[in-house]
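Enquirer:
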Amino acid sequence: MIHPTAIVESDLPPDASVGPYAVIGTDVEFGSSARIGAHAVVMGPSRFGDDVSIGPSAVLGTDPQDLKYDGERTELRVGGRTVIREFANINRGTSSSGRTVIGTDCLIMAYVHIAHDCLVGDRVILANAVNLAGHVQIGNDVTIGGVVPVHQFVRVGMHAMIGGGFRINKDIPPFVLASGYPLRVAALNSVGLRRKGFTAERLDELDRVFRHLFKSPGILTGKASALLSDPDCGEDGEYLARFVLSSKRGVIN
Numbered sequence: 004m005i006h007p008t009a010i011v012e013s014d015l016p017p018d019a020s021v022g023p024y025a026v027i028g029t030d031v032e033f034g035s036s037a038r039i040g041a042h043a044v045v046m047g048p049s050r051f052g053d054d055v056s057i058g059p060s061a062v063l064g065t066d067p068q069d070l071k072y073d074g075e076r077t078e079l080r081v082g083g084r085t086v087i088r089e090f091a092n093i094n095r096g097t098s099s100s101g102r103t104v105i106g107t108d109c110l111i112m113a114y115v116h117i118a119h120d121c122l123v124g125d126r127v128i129l130a131n132a133v134n135l136a137g138h139v140q141i142g143n144d145v146t147i148g149g150v151v152p153v154h155q156f157v158r159v160g161m162h163a164m165i166g167g168g169f170r171i172n173k174d175i176p177p178f179v180l181a182s183g184y185p186l187r188v189a190a191l192n193s194v195g196l197r198r199k200g201f202t203a204e205r206l207d208e209l210d211r212v213f214r215h216l217f218k219s220p221g222i223l224t225g226k227a228s229a230l231l232s233d234p235d236c237g238e239d240g241e242y243l244a245r246f247v248l249s250s251k252r253g254v255i256n
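Written out as structure tokens, the structure reads:
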């Protein structure tokens with residue numbers, strides 16, 4: 004199922020599908036049922052899980068766009084069942100971490116750019132034209148709306164949802180909806196959390212923590228520190244508080 008116009012320099016599984024004029028360089032590994040669209044370019048070293056789909060004209064595994072990169076061996080890793088759509092561009096890592104990593108079951112829409120050394124979790128949705136600068140970390144189950152630039156070294160906590168068209172220059176806490184100019188915490192991501200199986204009791208506990216951190220007066224880090232000494236904080240509340248306290252870029256609130 005390899006089109007005769009494709010250029011393939013790596014061994015592919017027998018059930019792989021490669022479209023017209025696609026280019027697959029050396030040191031590229033695909034799991035079973037790989038689908039590579041027309042004119043896509045995949046360079047190595049790159050590793051892909053099973054059932055990965057790559058859209059037409061996507062460019063993956065190319066050298067990082069970093070002036071410090073000096074040709075060292077680095078990788079791109081993409082988990083199984085991830086879909087990467089048309090014209091997406093994902094670079095390999097640098098010597099800083101050695102790899103760029105995309106998790107399983109992600110949807111990377113058209114024109115998304117994921118720069119060097121990014122870590123993208125599982126079940127992440129990046130809408131059209133999201134641009135991740137280097138070293139960005141995206142937690143599991145995050146959704147980012149279209150045309151959003153994300154500053155280098157920013158972290159986005161798990162289960163967060165960011166509206167389209169906004170600029171992310173600070174860390175986004177887990178479990179929240181973020182929107183506005185400047186970007187702010189708008190609400191708890193209640194609908195998204197219910198869809199992910201959060202129980203009513205768990206949501207109530209998280210809502211109490213959320214209101215304490217983001218709706219009550221006081222300094223955010225001080226409120227986060229107080230939460231850690233609260234025996235009723237809960238696992239989610241503790242994770243949220245520690246995320247705030249470990250931030251190096253600052254946290255939106």
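In terms of the numbering used here, the sequence shown is residues 4 to 256. All residues carry an ideal CB built from backbone N, CA and C; glycine is no exception.
1. Would Pro59 and Gly34 qualify as a contact pair, given that the criterion is a beta-carbon distance under 8 Å?
2. Identify whether Leu180 lies in helix, strand or coil by the three-state DSSP scheme.
3. Going by DSSP, what residues sit across from Arg88 in a beta bridge?
4. Flag this pair as touching only if the segment 63-82 and the segment 99-118 have three or more C-beta atom pairs under 8 Å; answer yes or no.
5. Going by other Cβ atoms of all chains shown within 10 Å of its Cβ, with 16 needed for buried, is Arg158 buried or exposed?
6. Out of His116, Lys71, Leu122, which one is the CA nearest neighbour of Thr330?
7. Are the CB atoms of Gly124 and Ile257 within a distance shorter than 8 Å?
8. Determine, using beta carbons only, whether Val45 and Gly28 come nearer to each other than 8 Å.
9. Note down, in chain order, each residue of its chain lying with its Cβ closer than 6 Å to the Cβ of Met161, except the 5 sequence neighbours on either side.
10. DSSP three-state call for Leu209: helix, strand or coil?
11. To the nearest angstrom, report how far apart Ala227 and Phe169 are at their CA atoms.
12. Would you kindly check if the distance between the Cβ of Ala118 and the Cβ of Asn94 is under 8 Å?
13. Kindly indicate which three-state DSSP category Gly106 falls into: helix, strand or coil?
14. By DSSP, does Leu196 sit in helix, in strand, or in coil?
15. What first and last residue would you give for the beta strand (DSSP E) that runs through Leu15?
Expert: Reading off the structure:
1. Taking the first residue of the sequence shown as position 1, residue 59 is located at position 56. Taking the first residue of the sequence shown as position 1, residue 34 is located at position 31. Against a cut-off of 8 Å, the Cβ pair of Gly34 and Pro59 comes out as no contact.
2. Counted from its first residue, the sequence shown places residue 180 at position 177. Three-state DSSP puts Leu180 in a strand.
3. Locating residue 88 in the sequence shown gives position 85, counting from the first residue. Under DSSP, no beta-bridge partner is assigned to Arg88.
4. Verdict: yes, contact present.
5. Residue 158 sits at position 155 when you count from the first residue of the sequence shown. Of the residues assessed, Arg158 falls on the buried side of the cut-off, its CB having 16 or more other CB atoms within 10 angstroms.
6. Here the chain comprises residues numbered 4 to 256, so residue 330 is not present and cannot be evaluated.
7. The structure shown has nothing for residue 257, since the chain only spans 4 to 256.
8. Along the sequence shown, read from residue 1 onward, the residue named residue 45 stands at position 42. Along the sequence shown, read from residue 1 onward, the residue named residue 28 stands at position 25. Yes. Within cutoff.
9. Here residue 161 refers to the residue found at position 158 when the sequence shown is read from its first residue. The residues Gly142, Asn143, Asp144, Pro177, in chain order, have a CB closer than 6 Å to that of Met161 in the same chain once the five nearest residues on each side in sequence are set aside.
10. As a working note, residue 209 is residue 206 in the sequence shown. Three-state DSSP puts Leu209 in a helix.
11. What you label residue 227 is simply residue 224 of the sequence shown in a count that begins at 1. What you label residue 169 is simply residue 166 of the sequence shown in a count that begins at 1. Distance between the alpha carbons of Ala227 and Phe169 is about 26 Å.
12. As a position in the sequence shown, residue 94 is number 91, starting the count at 1. As a position in the sequence shown, residue 118 is number 115, starting the count at 1. Against a cut-off of 8 Å, the Cβ pair of Ala118 and Asn94 comes out as a contact.
13. For the purposes of this step, residue 106 is taken as residue 103 along the sequence shown, with counting starting at 1. Here DSSP, grouped into helix, strand and coil, assigns Gly106 to coil.
14. Sequence index remark: in the sequence shown, residue 196 carries index 193 (1-based). Of the three classes helix, strand and coil, the one that applies to Leu196 here is helix, per DSSP.
15. If you number the sequence shown from 1, residue 15 lands on position 12. That residue, Leu15, is in no beta strand (DSSP E); it is neither H nor E in DSSP.
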